[in-house]
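Per my numbering, the very first residue in the sequence shown carries number 73; after that it's consecutive.
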Amino acid sequence: MYRFNFCDMIEPIYFAQYFVFKQNVRSLNNVVNSKLLKSEKAEDFLQAMIKEERLIRKISLELRRILLDMQQNIKYCSKQDYKNYFVMYKEEKHSLFTVNKERIYEGCWEALSEIVPKKFFGNNNNIKIFKKCTKIIIYSMKRQHLYFGKFIKKWDFNFSFWNNLSASQLINVLTNILQWIFKVILSGIISLNFYVTPSQITNDENLLHYFWKNQWQSFYNRKISEMITAKVIIKFHINCVGKKVRKRYTLQEKLKLKLLKKAIPKLVLVLKPNYGYRPIVRYKSEQLNAADKYKIKERLFFLRKLTGKPHEKIEIQFLTLFTKWVERNKPKLFFVKTDLSNAFGSINKTKLLKILYERHQELQKMETSVYMKKKHAQHYKDFVEELRKPLLIHAGSTVYEWREGLVQGYKFSPALSELYYSFMDEIYFSKLLKNHNDLQLFIRVVDDYLYVTDSLEDARLFLKALSNYRNVNYSKTVVNFAHADVSSSRDITFLGFCYNTDNLQVSSASSVFAGDMCYKIGFSAATVNLGMFLENRIGISSIQINYHIFNFYHNSEQLIWNHVFITLCLSANKFCTILSILSDDSEMPKYLSLYKRRVSVRLCNTIIEVLKKNAPIDFAFVYCINHFRYLSFKALLLCARKTSRCSILVPYVNVELAKSNCIYGKWKEHARTVSKNGLNLVEALKDVCRKSDLRQLFKNFDVLPYDFQCYDHKRFFLSL
73 MYRFNFCDMI EPIYFAQYFV FKQNVRSLNN VVNSKLLKSE KAEDFLQAMI KEERLIRKIS
133 LELRRILLDM QQNIKYCSKQ DYKNYFVMYK EEKHSLFTVN KERIYEGCWE ALSEIVPKKF
193 FGNNNNIKIF KKCTKIIIYS MKRQHLYFGK FIKKWDFNFS FWNNLSASQL INVLTNILQW
253 IFKVILSGII SLNFYVTPSQ ITNDENLLHY FWKNQWQSFY NRKISEMITA KVIIKFHINC
313 VGKKVRKRYT LQEKLKLKLL KKAIPKLVLV LKPNYGYRPI VRYKSEQLNA ADKYKIKERL
373 FFLRKLTGKP HEKIEIQFLT LFTKWVERNK PKLFFVKTDL SNAFGSINKT KLLKILYERH
433 QELQKMETSV YMKKKHAQHY KDFVEELRKP LLIHAGSTVY EWREGLVQGY KFSPALSELY
493 YSFMDEIYFS KLLKNHNDLQ LFIRVVDDYL YVTDSLEDAR LFLKALSNYR NVNYSKTVVN
553 FAHADVSSSR DITFLGFCYN TDNLQVSSAS SVFAGDMCYK IGFSAATVNL GMFLENRIGI
613 SSIQINYHIF NFYHNSEQLI WNHVFITLCL SANKFCTILS ILSDDSEMPK YLSLYKRRVS
673 VRLCNTIIEV LKKNAPIDFA FVYCINHFRY LSFKALLLCA RKTSRCSILV PYVNVELAKS
733 NCIYGKWKEH ARTVSKNGLN LVEALKDVCR KSDLRQLFKN FDVLPYDFQC YDHKRFFLSL
């Protein structure tokens, strides 16, 4: 069997882009040019598949015949647009159901096995590789790239029809053929029968859901009708004229209309719980040049200046509140957490233009530079023109004008929204916010609000003032006091943090680690370098370490150790998940040194540094560096045991765990200062290592945190 290093030259491919959000694929002609299948010129079909003429001339007659047989098979198997390979159950005919991916895989494989001649594979080894690629693509996550080099290096080329090609040509020809099959044929089979989309139903943000095409279209049409009835969108008259009227257009007018339609973004619906939906526009991915990027950056900076709101981290604001709270002998605090529904769509554009004008006038009065005055004036003029012209979208083949507020997906919507709500907040909450003598905190991030005060009356007044917004989401509003209309809880979750309203301790919200970790990782093209990919996903660049959680001012030592363990479990779970998906079993142990360097040393050192900076002067944090190293390997051990494919790591991790076990292990091998390379620099003290309270506490870390879910490839390939 041939083995080549040329596979390293093959770039990872995101195949799901060819069938995700593909709503307008109605016939085979939308997938592959029918002339290509009907053409009697073999070169046309081979050119589409293999691409390079020099390679087409090089392939053997036998391989040529195999590929042309594939052309005929496609014509025969696609007569019903592949619908005959899938069966819809009776209960699925009248409602929107997520279709089980195993059914989709079985139907796709049945079609592909009839399309691709068996001679092309040659043996069962190659069939297994092809089936595995097919299954990975169907079960893939949003933005998940497939690294072909990993599979092609195992392909068996020991068949006569490959003999005419050199080693590099073999790789190029096979790669081009497989990519064409998956991009065009497999994606066509899926997009002709199913609508594939991510959703916000669960925390699994990268999970793709499959729906029957006709059921999704029916759902989509109903929602578009609702938006038309509510006057959120209206048909754009120029684009809605009939064919007879369009015939009167000049060639120039038709060309202009065609170019206009191409630039119009597509409206997609992202599912929310209980089959609610979020409308989002998707612009065609265009490569912006440096000048365009700079222009966008300048305009966003202009909007930030108009907003005039300084960016202050939530950690700083909360610590200020906590300090005042302690100074005032810890009075009862009242929390209100809420958000706004459809924040962008609820913006009044007339008011927004007025706010834009007023803030621009204020900025011009403050600005002393003539050059900057002119620049600001031009930016203002550009935004006014952009907001006044119709915002066009297309749903199916129909073009609509977006009438209600701003639309999610437009590049300036977040910045314009910030300008609008900052201005309105000043009006609605001015009386509450001007009272600086009170103990209070007001935070809004996009559409999420958190208000804290020591006055129950002010908390109720805040809720009353909030009602000025017609889009308050009262189902998600939570307070920590009795209220007739909203729910109450001692723990308030806000922007990924959970606040104990009695003692002001801060924890990570369970949503940070709940659900399958694989759906929280973006498997981008960077997977081609697995070592680098792991480094960037398990270290401090991807694991959030901030002094909102790692803070001894408002968190107890016991809670801090819980945070340390949860953080290390997040890193260990990512490590095991990535290895389980991308690595061969035999290669896994070699990445343990990377985990030790990035997590057991660097990540732990960062946590220690943050803790030292955020502790009262009179507080002594007593620890041994090996406590952190021990927990990092304990987290890895628990995750490796739960991640079936990573069980091979368990004996190696046990060795590292024994070395760092200063709670019960050999004291003489431990240190309290470690170099960047993991070498012990300063010996630990025995009474520090063997603290009885830590021994008791560390017993809680023999199991993973509640709701922690490790990757299971068997469950993954049986999921919906």
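Yeah, the Cβ is synthetic: ideal placement off N, Cα and C, and Gly gets one too.
Counting of Cβ neighbours within 10 angstroms places PRO270 among the buried residues, the total reaching 16 or more.
Looking at the backbone, the Cα of PRO351 and that of GLN433 are separated by about 34 Å. Apart from the 5 residues on each side of it in sequence, TRP633 sits with its Cβ closer than 7 Å to the Cβ of LEU769 in its chain, given in chain order. In this structure, DSSP gives ARG542 a state outside helix and strand, which the three-state scheme calls coil.
Going by C-alpha positions, VAL550 is about 38 Å away from GLU163.
Residue environment for ARG126: exposed (fewer than 16 other C-beta atoms within 10 angstroms of its C-beta). The DSSP-derived three-state label of VAL104 is coil. Exposure of ASP779 is indicated by the presence of fewer than 16 other C-beta atoms within 10 angstroms of its C-beta. Spatial neighbours of ASP588 in its own chain (CB-CB distance under 7 Å, excluding positions within 5 residues in sequence) are listed in chain order as ASP276, GLN781 and TYR783.
The beta-bridge partner set that DSSP reports for ALA467 consists of THR470.
Beta-bridge analysis with DSSP links TYR267 to PHE283. Checking the DSSP bridge columns, you'll see ASP588 partnered with GLN781.
Between LEU464 and VAL471, the alpha-carbon positions lie close to 7 Å from each other. Here LEU405 really is in contact with ASP526; their C-beta atoms are around 6 Å apart, less than 8 Å. Annotation: the continuous alpha helix (DSSP H) that includes LEU642 extends over 629-654. Burial of PHE566 is indicated by the presence of at least 16 other C-beta atoms within 10 angstroms of its C-beta. In the three-state reduction of the DSSP assignment, PRO189 falls in the coil class, being assigned neither a helical nor a strand state. If one requires a minimum length of 3 residues, no beta strand (DSSP E) run lies completely within the segment 670-723. Bridge partners of ASP411 according to DSSP: ASP520. Counting only the Cα atoms, PHE514 lies some 18 Å from ASN545.
Three or more beta-carbon pairs separated by less than 8 Å are not found between the segment 373-384 and the segment 294-307, which leaves the two stretches without contact. If only complete runs of 4 or more residues are kept, the segment 370-449 shows the alpha helix (DSSP H) at 386-399 and 421-438, in order along the chain. Here the alpha carbon of ASN726 sits roughly 39 Å from the alpha carbon of ASP228.
Take CYS641, set aside five residues on each side of it, and the residues of its chain with a beta-carbon closer than 8 Å to its own are PHE585, ALA707, LEU710, CYS711, LEU776, PRO777 and PHE780, in chain order. One thing to note: LEU168 has its Cβ no nearer than 8 Å to the Cβ of TYR429. For ASP563, the enclosing beta strand (DSSP E) has its first and last residue at 563-566.
Sequence-distant Cβ neighbours of GLU728 in its own chain, meaning closer than 6 Å and more than five residues away, are PHE705.
LEU721 and PHE647 have their alpha carbons spaced roughly 11 Å apart. Taking the Cα of ARG371 as reference, the smallest distance to any Cα among GLU134, GLN324, VAL188 and MET444 is reached at MET444. It is roughly 17 Å from the alpha-carbon of ARG713 to the alpha-carbon of ALA730.
Collapsing the DSSP output to three states places VAL353 in a strand. Within the model, the alpha-carbon separation for ASN361 versus THR392 is close to 43 Å. For VAL245, the uninterrupted alpha helix (DSSP H) run begins and ends at 239-252, by DSSP. When secondary structure is reduced to three states using DSSP, TYR482 falls in the coil class, being assigned neither helix nor strand. When C-alpha distances from ARG294 are compared across HIS626, ALA467, LYS190 and SER132, the shortest belongs to ALA467.
Spanning the alpha carbons of PHE233 and ILE249 requires a straight line of approximately 14 Å.
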